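Have a look at the structure below, then the notes.
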Amino acid sequence: MQNLEELYQLVLKRKENPKEGSYTDYLFTKGLDKILKKVGEESTEVIVASKNPDKSELVYETADLLYHLMVLLVEQGVGFDEIKVELAKREGLMSKTKDRRKIQDL
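Its first residue numbered 58, the sequence shown is counted upward by one per residue in the numbering used here.
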């Protein structure tokens, strides 16, 4: 089973060592606008799939979105570790305000 860090590393390797004819190579060759378009499309598909009773479609579309987000991160030079650090900063905090309060145990 592949985790998100492994997926990021795979996409990064494909950028560094393109495989002609691969979808990943196609996205990097087309550039940022194409990648952004795909992230937008996949985001919409996740939203639509979330409204359907069959959750398998949601799983499928979420996988597509995560893949395209990894392509975007690699294209923009954002390391997956940077995302993990940002998530760690938010752990135990609530809201998006500057003065976040600690979440109290209920």
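Idealized CB from N, CA, C, for every residue including glycine.
Model, not experiment: these values are computed from the prediction.
Cβ shell of residue 163 (< 6 Å), same chain only, five flanking positions each side left out = For residue 163, the predicted structure reports a pLDDT of 49, less than 50, and the residue's modelled location is therefore unreliable. A value from the coordinates is still provided. Contacts found: none.
Which same chain residues, not among the five before or five after residue 72, have their C-beta less than 7 Å away from its C-beta?
-> 85, 131
Neighbourhood of residue 106 by C-beta, 7 Å cutoff - its chain only, sequence neighbours within 5 removed = 114, 115, 118
Any chance the region 118-129 sits against the region 89-97, with 3 or more Cβ pairs inside 8 Å?
-> yes
Looking at the unbroken alpha helix (DSSP H) that takes in residue 127, where does it start and where does it end?
-> 112-133
For residue 79, which option in 67, 89, 90 has the closest C-alpha, if you only look at C-alpha atoms?
-> 67
Terminal residues of the continuous alpha helix (DSSP H) containing residue 38?
-> Absent from the model: residue 38. The displayed extent of the chain is 58 to 163, so no value can be given.
Start and end residues, alpha helix (DSSP H) containing residue 59 = That residue, residue 59, is in no alpha helix (DSSP H); it is neither H nor E in DSSP.
With a 10 Å radius around its C-beta and 16 neighbouring C-beta atoms as the bar for buried, classify residue 122 as buried or exposed.
-> buried
Using the Cα positions of residue 60 and residue 138, report the straight-line distance between them to the nearest angstrom.
-> 13 Å
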